[in-house]
Every structure is written in C-alpha cells, then in structure tokens.
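In this note's numbering, the protein residues as written are 566 to 928.
No residue lacks a Cβ here, since even glycine has one placed at the ideal position from N, Cα and C.
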C-alpha cells in the first residue's frame, strides 16, 4: 500500500479556508443563528477539506485511467435518480444511499472534464471535428438526464464544462462561433418549447423585478436592498436586517452573498471577489505549468467552471444576471456542492503539483 501523501498548494488552501470562515459566519447569521444549520455546514466544510486532502494524494495517472469509469458511474447514478430519487420542490434530483443523500449531478462537474480530456489526449494536436462531435454526443447523455429532472441550469452547465475542455484543447474559433450562433438562434425556440414557467419568470424578473415586487421580483429586490444598505464598511457581523430578519428567502444558501455584503460592505465584498479571482488565475497558472496535457485540460476547465459559478451567483444576487441554481463555491450552505468543490481542488493539486517522474503524463 502506497503511503498517504497529499500534495497541497498553500495559497489555494489558505484561500479556501478564508472563504469557509467567512461563509460560516454568514451562514450563522443568515440562518437566524440556527445551531443545527451551522453544525451541518461546519461538518460538510470539514468533509470538503478532507476530500481535498485525500484527492490530492492520488496519482494523476490514476485519474486519467479512471476517467471513463467515473463517467459511466455518473451516468448510472443519474439514471438511478429516476428510479430511487427523492423529489424536492417538484424536481427529482437527489439520491439517497442509506444515511447519505446527495445530488449525482454534482459528479458531472468532475466526470465531464475528465472524460473529455481523456478522449482528446489520445492524439496530439487540435481536436478534429470527429473528436468534437464525440465529446458533444457523450456530453449530451448526462446533460439530457439532468434536463429532464428537470434542471435546465444544470444541463447548460454540463455542456459548458465540455466546451471549456474543448477550448483549452484548441478548438478553432470558427467552431466556437458556430456553437455560440446555434445557441443564439435556438433561444427563441427554447423560450416557447423548452423553458418551464418558473424559468421564464426568472428572466422576466431579471428584466423588470419591480413589475411584481411582492411576487417573482421580491427576492432580487430585497437582495439588492441588502447589498446597497451595507455601504462601504457594512453594518457589522450579526447586525444585518435584510438577511437576519428573513426578508431574503434562501439567505443562507444561494443568496448568502447578499447577507455577507450587508454585514461586511463594499470592502468585504471586494475581498471575496479578489479571492475568487486569485483562485481562478492561480489554478490557470498551475495548469499552464503542468507537463501533462490531461492535467492542463482538466485543471483549466475546473478553473473556468469555478469562475463561472462564482460570477453567476454574485451576478444574480446583485441583479446583473437572471436567478439561476448556482451556489457560491465554498460559501453557500449545502452538502453536495461544497464537498464536490473540495474534491475538485484536490484533483487540481494532484494533477498540477506532482512531478513528471511519478505521474506518467500523456504528453
């Protein structure tokens, strides 16, 4: 048995611990000082750190070999959601295995980048049209299973993970432009034939939240009030009114940044944004330093996915983007998401920090 030896990037680990610390303070106040909620949050944060340490100790070669098996297991779990899944708020997205209840779609964040990279590193050079189509067809399987849960946001993110890998692999800008064009043309069709009523409400609420201030626009209006009332220095920890008094629904989950901004103000918000930006560029830099093509593709995709989730969450709570089911990494209250992010950063460290002599890189 090989000796357990995690490979840790100290700047990334410190950044994660800072986010979790601020997150715990915000969850405590936003949940109206609920002891069960903060206990569960701290336990899950601890599991996320443990997952990071464990995943960082695994050989990069093992990750590359296991990519197709992980993809297959993820698809099977998504299928299992329809047989044994739990339904919450009209969506069947959760799977319970004994005392463990988790969201299989979270595994897609890991499985898709690794599977796409596994396909692309077989031959060097830019991905051919055949390889691109193979990647997109395989991506369509989990994306379709997530879409019919229903979870349109998750299905879109799944496709984005694959596109990130293809981008780093050198997919031509002509093809990228074609994909963007197809998406733009299909938006009107998606509005009439694909999107659910609640999803249309989100977009209309984003365009004009004041049109229904007590209904669909209530949450975003209250969120913007909370962020604005924080001012430069904030009201102080536990002194927020919008989040603590329940004016913002889901104030300790997807909208936790509103409570944080109210308590810590512009300066605190700037610090958090700076940490997310630093972490994104740090991972991109580590990926660029790697000698393995597989490591570069996977880590680069993870970096952009991390930035995408951060950007979308902060954008939606501040009214810049429509509301989507996008938790703030290492910040929002929730089990599957924070543990998955811990595992992802462990994989990044394993792929990028191990030396060539022990990782058997692809190229």
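- If you look at residue 876, you'll find it in the alpha helix (DSSP H) that goes 858-882.
- About 11 Å separates the Cβ atoms of residue 570 and residue 624, ruling out a contact at the 8 Å cut-off.
- Excluding residues up to 5 positions away in sequence, 591 lie with their Cβ nearer than 6 Å to the Cβ of residue 825 in the same chain.
- Separation of residue 843 and residue 642 (C-alpha to C-alpha, rounded to the nearest whole angstrom) is 34 Å.
- The three-state reading of DSSP puts residue 609 in helix, counting H, G and I together.
- The Cβ neighbour count for residue 681, taken over all protein chains shown within 10 Å, is at least 16; the residue is labelled buried.
- In the structure shown, residue 893 falls within a coil segment according to DSSP collapsed to helix, strand and coil.
- Rounded to whole angstroms, the gap between the alpha carbons of residue 678 and residue 603 is 32 Å.
- Per the coordinates, the alpha-carbon of residue 785 lies some 12 Å from the alpha-carbon of residue 889.
- When the beta-carbon positions are compared, residue 896 and residue 584 come within less than 7 Å of each other.
- Bounds of the alpha helix (DSSP H) holding residue 829 are 821-854.
- Around the beta carbon of residue 704, 16 or more other beta carbons lie within 10 angstroms, which makes this residue buried.
- DSSP places residue 569 outside both helix and strand once states are collapsed to three, so it counts as coil.
- In the pairwise beta carbon analysis, the segment 856-875 is classified as not touching the segment 795-807: fewer than three pairs are separated by under 8 Å.
- Residue pairing of residue 593 in beta bridges, as defined by DSSP: absent, with no partner found.
- Under the three-state reduction of DSSP output, residue 666 falls in the strand class.
- Leaving aside the five residues that flank residue 615 on each side, the residues in its chain whose CB is nearer than 8 Å to its CB run, in chain order, 907.
- A residue is called buried when at least 16 other Cβ atoms come within 10 angstroms of its Cβ; residue 854 does not meet this threshold and is exposed.
- Residue 918 is positioned such that its CB atom lies closer than 7 Å to that of residue 572.
- When Cβ pairs closer than 8 Å are counted between the two stretches, the segment 683-697 is seen to touch the segment 728-744, the count reaching three or more.
- The three-state secondary structure of residue 802, taken from DSSP, is coil.
- Secondary structure remark: continuous beta strand (DSSP E) runs of at least 3 residues inside the segment 683-739: none found.
- Judged by DSSP secondary structure, residue 788 falls within the alpha helix (DSSP H) whose first and last residues are 783-794.
- The three-state reading of DSSP puts residue 643 in helix, counting H, G and I together.
- Leaving aside the five residues that flank residue 593 on each side, the residues in its chain whose CB is nearer than 7 Å to its CB run, in chain order, 603.
- For residue 900, the enclosing alpha helix (DSSP H) starts and ends at 900-918.
- Taking a C-beta distance under 7 Å as the contact criterion, residue 708 and residue 730 do not qualify as a contact pair.
- Excluding the 5 residues flanking it on each side, residue 581 has same chain C-beta neighbours closer than 7 Å at 895, 910, in chain order.
- Scanning its chain for C-beta atoms nearer than 8 Å, with the 5 sequence neighbours on each side dropped, one finds around residue 660 the residues 642, 645, 646, 649, 650, 651, 666, 667, 668, 669, in chain order.
- With respect to residue 802, residue 828 sits close: the two C-beta atoms are nearer than 7 Å.
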